[in-house]
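Have a look at the structure below before the remarks.
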Amino acid sequence: MEILNLTRPYFGNSYGILMSVFASGIFAAMPIYVQIFQPMPGYAITAQRVVWSVILMLAGQFFTGRLVPSLTPLISPRLLPGLLLTSAIIGIQMWLFIWAPLNGRTVELSLGYFLLPLVMVGVGRIFFGEKLRPCQWFAVIAAVMGVGSAYLRAGGLSWVVLVVALGFPVYYIIRRGQPLSPLDAFCLENILLLPVSIWGILHFGNVHHPFAFPWEMLLRFAGLGLLGTIPVVCMLTAGRRLPLGLFGLLSYLEPGLIFLVSLFVLGESVSQDEIFTYQAILTALGLLAIDGIFQIRQQGKVLQSVPKPQA
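Residue numbering for the sequence shown follows full-length UniProt numbering, starting at 1 and increasing by one per position.
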């Protein structure tokens, strides 16, 4: 039997695969890195992440000559309301990504990211009329069984899971209506979060400016900004270089790595009541992966059947 061959032309550049895996690895390292800020509260750390991410992204936009065009949407009456809403959603997600590991909730965070692709399948069916293939239907059924088990056995999914699994679909729906590149949108969202972030640092940190910390702490904050920015750029690079199906399959790596980090590095655990929920959702993801591999192979056969132009 022929196995999936990642070296075929229709799988795109191997550099794209490397960027996607690298981004997932950095995202999974974030729960470990934020432990060095204990006992700082999550909102204070998130505020510093925003400040340093803005510095890094504006520097990048300046050196690539895109600074002015990337900031233009901030004065657009048509785009600004949507950007304000998406910045609020992404701000909550960034805070949760830091708060959860600091409070022993990384396992729940990973479950939210495991559940996200399944919720997106449902969103596509309900809001955009996308037809589901058989594997997708079975995946949805398995996910519903897992969620139902959580309600019956554990009183429901935790708010951490729900914020991730339901918050990002709202974000993506709004983003679909914005004519902005993902990198520009992410940069603008962080800029819009900057005022409240600076206020939070000054008010709760009892300092006169955001950089009134020892240089060792400033280096740690700068590292946090790098960890929050570099994987986004890498993921966007991968998205441009890889077929959508393969890119989607590789995106399952991130929650898996976060889950492993939560168990084997941070020492968290899964309760007996949650085991079936995880099994059902992982089964659903497996079905989506099988469906994705099948679709990629079909696309490859179509591309191989297209006659090459004669020299």
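The beta-carbon is built from N, C-alpha and C at its ideal position, and this holds for glycine as well.
Distance CB(residue i)-CB(residue j) smaller than 8 angstroms
{"i": "Tyr278", "j": "Leu166", "result": "no"}
{"i": "Gly16", "j": "Ala238", "result": "yes"}
{"i": "Glu189", "j": "Ile90", "result": "yes"}
{"i": "Leu236", "j": "Leu183", "result": "yes"}
{"i": "Ala88", "j": "Ile201", "result": "no"}
{"i": "Ala143", "j": "Leu102", "result": "no"}
{"i": "Val34", "j": "Ser262", "result": "no"}
{"i": "Thr229", "j": "Met57", "result": "yes"}
{"i": "Ser70", "j": "Gly225", "result": "no"}
{"i": "Val68", "j": "Leu109", "result": "no"}
{"i": "Ser76", "j": "Glu254", "result": "no"}
{"i": "residue 319", "j": "Gln178", "result": "Only positions 1 to 311 of the chain appear in the structure, and residue 319 is not among them; the question remains open."}
{"i": "Leu227", "j": "Met40", "result": "no"}
{"i": "Ile92", "j": "Val163", "result": "yes"}
{"i": "Leu257", "j": "Ala59", "result": "no"}
{"i": "Arg175", "j": "Ala185", "result": "yes"}
{"i": "Arg125", "j": "Leu132", "result": "yes"}
{"i": "Arg240", "j": "Ile36", "result": "no"}
{"i": "Ser20", "j": "Leu250", "result": "yes"}
{"i": "Leu218", "j": "Pro73", "result": "no"}
Host alpha helix (DSSP H) of residue i (start-end)
{"i": "Pro101", "result": "80-102"}
{"i": "Gln61", "result": "42-63"}
{"i": "Thr237", "result": "215-241"}
{"i": "Phe259", "result": "253-264"}
{"i": "Val68", "result": "67-71"}
{"i": "Glu268", "result": "Run containing Glu268: none; DSSP gives neither H nor E here."}
{"i": "His203", "result": "182-205"}
{"i": "Pro31", "result": "14-33"}
{"i": "Pro117", "result": "106-128"}
{"i": "Ile173", "result": "159-176"}
Other residues of its chain near residue i: CB distance less than 8 angstroms, five sequence neighbours each side excluded
{"i": "Phe22", "result": "Pro231, Cys234"}
{"i": "Gly104", "result": "Leu266, Glu268"}
{"i": "Glu2", "result": "Caution is warranted here: a pLDDT of 40 is assigned to Glu2, below 50, making its placement in the model unreliable, and no coordinate value can be reported."}
{"i": "Gly223", "result": "Tyr33"}
{"i": "Ile26", "result": "Leu227, Ile230, Pro231, Cys234"}
{"i": "Gln136", "result": "Val121, Leu287, Leu288, Asp291"}
Cβ shell of residue i (< 7 angstroms), same chain only, five flanking positions each side left out
{"i": "Ser197", "result": "Ala47, Val50, Val51"}
{"i": "Leu4", "result": "Reliability fails at Leu4, whose pLDDT of 40 lies under 50, so the model's placement of it is uncertain and the value that follows must be treated cautiously. Excluding positions up to five away in sequence, the list reads Ile293."}
{"i": "Arg297", "result": "none"}
{"i": "Trp95", "result": "Gly42, Tyr43, Thr46"}
{"i": "Ile32", "result": "Val261, Val265"}
{"i": "Tyr171", "result": "Thr86, Ile89, Ile90"}
{"i": "Ala280", "result": "Ala142, Ala143, Met145, Gly146, Ser149"}
Cβ-based neighbour list, residue i, same chain, cut-off 6 angstroms, excluding 5 preceding and 5 following
{"i": "Leu6", "result": "Confidence is the limiting factor: at Leu6 the pLDDT is only 40, short of 50, which leaves the residue's position unreliable, though a coordinate-based value still follows. Around Leu6: no qualifying Cβ."}
{"i": "Val123", "result": "Pro169"}
{"i": "Arg153", "result": "Asp273"}
{"i": "Phe276", "result": "Ser149"}
{"i": "Phe259", "result": "Ser110"}
{"i": "Pro210", "result": "Val51, Ile198, Ile201"}
Residue i at chain D interface by Cβ criterion, 8 angstroms
{"i": "Gly292", "result": "Here there is only one protein chain, and chain D is not present."}
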